[in-house]
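Asks:
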Ligand code: ATP
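In my numbering, the protein residues as written are 82 to 546.
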């Protein structure tokens, strides 16, 4: 390319733009950085994590204080936990608090086909970070480049990881560069990365509990015009199992619904719509079900709703047979409290609720349909966990790792299958014993397409009276 450029210059002609653009593409700048304005105030909840990070911020702001005591500045911090829980946000807040240059990269960016290319990228990144110090290098999905090495490892990957280790070892006391890695799978990482002096601080960032969800929702609704009746407490309760990214999305979707309806304020109904959209996907306005399918879906969802009410694990918010995303219908069930452990009976109850759609179809139409695929996948997961992880089957209390699982696969399948079959039989019986309620709920759904918790309760109550 250089030769081509010189040729144009010799000919006294301007270098054509296509040549310059191509040049940029051939040598991408792996090490661009930003100066984020994010602070710890933008990160809701996670107080214990922030406390741990305050120390690192202090290290970076007042290195002398620590040097006098002979303390070494930590070189690496590893965030681990499920996606969307604020790992990137926290790393950018550390950069913002310390006025550092923020290098935000992903592990997979360093995975290359040609030996040495990934390692070179790592070298360039660290050179630039040292030049622009104080710096924070944030490597998301670090497992892509830092996975455990073994005898059949790929040479290119090993070289890249080695280079990362070399760079981290090469930090001098004064370099003021901190590497923050993030992964969803700590167990995949190579031991060498986790050794003291490299990523020696491991911070778990888990799914937010009620308090953190409340704080996150407050942050994301702070500058939005909310109707007085909107209760963030209630919203935090309804969003059990949601991560920070989901919550930010709900706040944003609610605002978009308000704009769409030309409303000056964001109301509770906008939040409910946003919640439904985030959980169940986009409402498909044009995909009308044919009459026969609508009947099947009505009984399927009525089955879920009725068994859910009978088992009584978590309240139903809404039942709908309006197709959304890939689902033809859905039951919106939101627990009103955070749960961390479930008893065996509760897991069985969950499976019955999931199986009730299929059971209802079979009871009424005496045939199976393809509509229960997702339910069956979830049921299979629960049954397998009961056998392999929770010691809730006749196979005993031992947890089974992948090796044992493949060795015992036939027995595990048999055991899990018998749990599911028993649940299914009991679900059929439950529906049979409450067949009138099933017809009533299904007919109501068929006519009105949706049903709220209160409507369901009043229909069932009427039937009992
Ligand atoms: P991934 O593992 O998928 O990269 P992550 O853990 O890095 O996810 P972030 O990208 O930091 O997650 O979070 C996504 C978005 O969720 C943030 O931009 C922010 O809007 C919101 N969010 C997550 N956690 C919090 C929090 N504690 N406070 C405020 N907002 C949050």
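Just so it is clear, CB atoms sit at the ideal spot from N, CA and C, and this is done for glycine as well.
Everything numeric in this text was worked out from a predicted model, so none of it was measured.
#1: Can you give me the C-alpha to C-alpha distance between residue 475 and residue 485, rounded to a whole angstrom?
#2: Can you find the residues in the same chain that come closer than 8 Å, C-beta to C-beta, to residue 164, ignoring five residues on each side of it along the sequence?
#3: If you scan the segment 153-197 from start to end, which runs of the beta strand (DSSP E) of 3 or more residues do you find wholly inside it?
#4: Do we get a CB-CB distance below 8 Å when we pair residue 249 with the residues of chain D?
#5: DSSP puts residue 505 in a beta bridge; with which residues?
#6: Less than 8 Å separating the beta-carbons of residue 550 and residue 316?
#7: Any contact between the segment 150-169 and the segment 196-203? By contact I mean 3 or more CB pairs, one from each, below 8 Å.
#8: Should residue 109 be labelled buried (16 or more other beta-carbon atoms within 10 Å of its own) or exposed?
#9: Go through its chain and collect everything with a Cβ distance to residue 498's Cβ below 8 Å, but skip five positions before and after it.
#10: Helix, strand or coil: how does DSSP classify residue 453 here?
#11: Can you round the beta-carbon distance between residue 402 and residue 425 to whole angstroms, since I take them to be within the 8 Å contact cut?
#12: Please report the distance separating the alpha-carbon of residue 215 from that of residue 190.
#13: From residue 466 to residue 432, what does the alpha carbon distance come to, in whole angstroms?
#14: Are residue 224 and residue 270 closer than 8 Å when you measure CB to CB?
#15: How many angstroms separate the CA atom of residue 541 from the CA atom of residue 226?
#16: Can you determine whether any heavy atom of the ligand ATP sits closer than 7 Å to the C-beta of residue 168, and answer yes or no?
#17: Examine the ligand ATP and report whether any of its heavy atoms sits within less than 7 Å of the Cβ of residue 177.
#18: I'd like to confirm the pairing. Which residues does DSSP put opposite residue 532 in its beta bridges?
#19: For a minimum of 3 consecutive residues, which ranges assigned as the beta strand (DSSP E) are wholly contained in the segment 206-284?
#20: At what residue ranges does the segment 332-396 contain a whole run of the beta strand (DSSP E), taking only runs of 3 or more?
#21: With C-beta atoms as the reference, is residue 171 less than 8 Å away from residue 134?
#22: Could you tell me the alpha carbon to alpha carbon distance between residue 494 and residue 435, rounded to whole angstroms?
#23: If we call anything under 8 Å between Cβ atoms a contact, is residue 349 one with residue 294?
#24: Give me whichever residues DSSP pairs with residue 413 in a beta bridge.
#25: Give me the Cβ distance between residue 286 and residue 130, rounded to the nearest whole Å; I'm assuming they're in contact under 8 Å.
#26: The alpha helix (DSSP H) spanning residue 479 covers which residue range?
#27: With C-beta atoms as the reference, is residue 511 less than 8 Å away from residue 388?
#28: Leaving aside the five residues before and after residue 263 along the sequence, list all residues of the same chain whose C-beta is less than 6 Å from its C-beta, in chain order.
#29: So if DSSP puts residue 316 in a beta bridge, which residue, or which two residues, is it bridged to?
#30: Could you check what DSSP says for residue 485 in three-state terms: helix, strand or coil?
#31: Tell me whether residue 514 counts as near the ligand ATP, meaning its Cβ is closer than 7 Å to at least one heavy atom of that ligand.
#32: Helix or strand or just coil, what does DSSP make of residue 408?
#33: Report yes if the C-beta distance between residue 138 and residue 179 is below 8 Å; otherwise report no.
#34: Assign residue 106 to one of two classes, buried (16 or more other C-beta atoms within 10 Å of its C-beta) or exposed (fewer than that).
#35: Whose C-beta lies closer than 7 Å to the C-beta of residue 101 among residues of the same chain, with five residues either side of it excluded?
#36: Nearest to residue 35 by alpha carbon, out of 538, 248 and 404?
Replies: The structure says:
#1: In the chain shown, counting from the first residue as 1, residue 475 sits at position 394. In the chain shown, counting from the first residue as 1, residue 485 sits at position 404. Roughly 16 Å between the two C-alpha positions.
#2: The count along the chain shown starts at 1 and reaches residue 164 at position 83. Only 265, 324 and 326 meet the Cβ criterion.
#3: 157-161 and 182-187
#4: In the displayed structure, chain D is absent; only one protein chain is listed.
#5: Sequence index remark: in the chain shown, residue 505 carries index 424 (1-based). Paired residues: none, contrary to the question.
#6: The structure shown does not extend to residue 550, since the chain is modelled only from 82 to 546, so the question has no answer here.
#7: no
#8: The sequence position of residue 109 within the chain shown is 28, counting from 1. Low per-residue confidence applies at residue 109: pLDDT is 42, beneath 50, and the placement is therefore not dependable, though the value from the model is reported in the following sentence. By the neighbour-count rule (16 or more Cβ atoms within 10 Å), residue 109 is not buried but exposed.
#9: Taking the first residue of the chain shown as position 1, residue 498 is located at position 417. Answer for residue 498: 464, listed in chain order.
#10: As a position in the chain shown, residue 453 is number 372, starting the count at 1. If DSSP states are grouped into helix, strand and coil, residue 453 belongs with the helices.
#11: What you label residue 402 is simply residue 321 of the chain shown in a count that begins at 1. What you label residue 425 is simply residue 344 of the chain shown in a count that begins at 1. In fact, because the Cβ distance is near 32 Å, the residues do not count as touching under 8 Å.
#12: Here residue 215 refers to the residue found at position 134 of the chain shown. Here residue 190 refers to the residue found at position 109 of the chain shown. Computed Cα separation, rounded: 23 Å.
#13: On the chain shown, position 385 is the one that residue 466 refers to. On the chain shown, position 351 is the one that residue 432 refers to. Straight-line Cα distance between these residues: approximately 12 Å.
#14: Taking the first residue of the chain shown as 1, we reach residue 224 at position 143. Taking the first residue of the chain shown as 1, we reach residue 270 at position 189. It is a contact, given that the beta carbons lie within the stated cut-off.
#15: Counting from 1 along the chain shown, the entry for residue 541 is found at position 460. Counting from 1 along the chain shown, the entry for residue 226 is found at position 145. Each residue's alpha carbon lies about 56 Å from the other.
#16: Taking the first residue of the chain shown as position 1, residue 168 is located at position 87. Yes, Cβ of residue 168 sits closer than 7 Å to a heavy atom of the ligand ATP.
#17: Residue numbering aside, residue 177 sits at position 96 when the chain shown is read from its first letter. No; taking the cut-off as 7 Å, the Cβ of residue 177 has no heavy atom of the ligand ATP nearer than that.
#18: The residue given as residue 532 occupies position 451 in the chain shown. Its beta-bridge partners are 400.
#19: DSSP runs (the beta strand (DSSP E)) wholly in the segment 206-284: 216-221 and 258-264.
#20: none
#21: For the purposes of this step, residue 171 is taken as the residue at position 90 of the chain shown. For the purposes of this step, residue 134 is taken as the residue at position 53 of the chain shown. In contact: residue 171 and residue 134 (Cβ atoms closer than 8 Å).
#22: For the purposes of this step, residue 494 is taken as the residue at position 413 of the chain shown. For the purposes of this step, residue 435 is taken as the residue at position 354 of the chain shown. Their backbone Cα atoms lie some 19 Å apart in a straight line.
#23: By 1-based counting over the chain shown, the position of residue 349 is 268. By 1-based counting over the chain shown, the position of residue 294 is 213. The beta carbons of residue 349 and residue 294 sit no closer together than 8 Å.
#24: On the chain shown, position 332 is the one that residue 413 refers to. Beta-bridge pairing links residue 413 to 399.
#25: As a first step, residue 286 must be located in the chain shown, where it is residue number 205. As a first step, residue 130 must be located in the chain shown, where it is residue number 49. With a Cβ gap of about 6 Å, residue 286 and residue 130 count as contacting.
#26: Here residue 479 refers to the residue found at position 398 when the chain shown is read from its first residue. First-last for residue 479: undefined, no H or E at that position.
#27: Indexing the chain shown from 1 puts residue 511 at position 430. Indexing the chain shown from 1 puts residue 388 at position 307. Judged by their CB atoms, residue 511 and residue 388 are nearer to each other than the 8 Å cut-off.
#28: What you label residue 263 is simply residue 182 of the chain shown in a count that begins at 1. Take residue 263, set aside five residues on each side of it, and the residues of its chain with a beta-carbon closer than 6 Å to its own are 160, 168 and 221, in chain order.
#29: Position 235 of the chain shown holds residue 316. In DSSP, residue 316 forms no bridge with anything.
#30: Start at 1 with the first residue of the chain shown, and residue 485 comes out as number 404. If DSSP states are grouped into helix, strand and coil, residue 485 belongs with the helices.
#31: Counting from one through the chain shown, the residue named residue 514 turns up at place 433. Result no, Cβ not under 7 Å from the ligand ATP.
#32: Position 327 of the chain shown, counted from the start, is the residue given in the question as residue 408. Assigned with DSSP and collapsed to three states, residue 408 falls in strand.
#33: As a working note, residue 138 is residue 57 in the chain shown. As a working note, residue 179 is residue 98 in the chain shown. Yes. Within cutoff.
#34: Start at 1 with the first residue of the chain shown, and residue 106 comes out as number 25. Only weak support is given to the placement of residue 106: the predicted model assigns it a pLDDT of 32, under 50, and the value that follows is read from those uncertain coordinates. Exposed, since its Cβ has fewer than 16 Cβ neighbours within 10 Å.
#35: Stepping through the chain shown from its first residue, residue 101 is reached at position 20. Low confidence applies to residue 101: its pLDDT is 29, below 50, so where it sits in the model is not reliable, and the reading given next is rough at best. Hits under 7 Å: none found.
#36: This structure cannot speak to residue 35, because the chain is shown only from 82 to 546.
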